[in-house]
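Residue numbers (my numbering): 378 to 505.
Notes follow the structure.
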Amino acid sequence: MILPVALMALVISGFSYQNQDNKFPANPSDNLVIPDNVNEILDNKCFGCHNVDAKSDKAKEKLLLDQLTTLSKAKIVAKLDDIHEVVEKGEMPPEKFLEKFPDKALTDEEATILKNWAKSASDELMGE
């Protein structure tokens with residue numbers, strides 16, 4: 378009886394594992410790689426609004442970064458395509474938000490890094 382309980386504890390703890398240095402959960406299926414430079418941008422500029430504990434329901438409906446890597450491959454690709462599109466159009470972070478928090482604006486370099494990552498990660502997941 379102890380072995381099944383111990384095994385179940387390992388399974389449960391494995392599913393809830395989160396790297397302390399990274400706010401984004403480990404990807405159980407290794408579908409998506411988030412490089413350190415991208416992770417830093419997401420953490421510093423995006424995570425505040427796009428996480429399960431954020432205040433903005435609208436932002437949470439659009440994207441939950443802390444759950445991104447747990448999605449199916451098709452949903453990850455759709456979210457990556459969305460990220461690329463809103464960054465390309467300059468819609469994220471929104472202007473109203475930036476009025477209060479101008480330090481959260483993406484630099485041109487950060488926007489390019491996010492767009493390139495989203496596009497290449499999407500293409501890689503699609504097998505292109």
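Here a beta-carbon is modelled for each residue, glycine too, at the ideal position from N, C-alpha and C.
A quick note: this is a predicted structure, and the numbers were derived from the prediction, not measured.
Give the range of the alpha helix (DSSP H) segment to which residue i is assigned.
i: D434; result: D434 to K439
i: L502; result: D485 to M503
i: D458; result: K450 to E465
Using the three-state DSSP reduction, which class does residue i fall into: helix, strand or coil?
i: F474; result: helix
i: N414; result: helix
i: E423; result: The residue you asked about is not Glu; residue 423 is Cys in the sequence shown. Three-state result, C423: helix.
i: L442; result: helix
In whole angstroms, what is the alpha-carbon distance linking residue i and residue j?
i: V454; j: S433; result: 23 Å
i: A403; j: K456; result: Confidence at A403 is low in this model, with a pLDDT of 47, below 50, so its placement is unreliable and no value can be given for it.
i: D430; j: D443; result: 10 Å
i: Q395; j: C426; result: The pLDDT assigned to Q395 is 36, lower than 50, so where the model puts this residue is not dependable, and the model offers no usable value.
- Touch check for the segment 476–491 and the segment 435–450: three-plus C-beta pairs under 8 Å? Output reads no: the segment 435–450 does not touch the segment 476–491.
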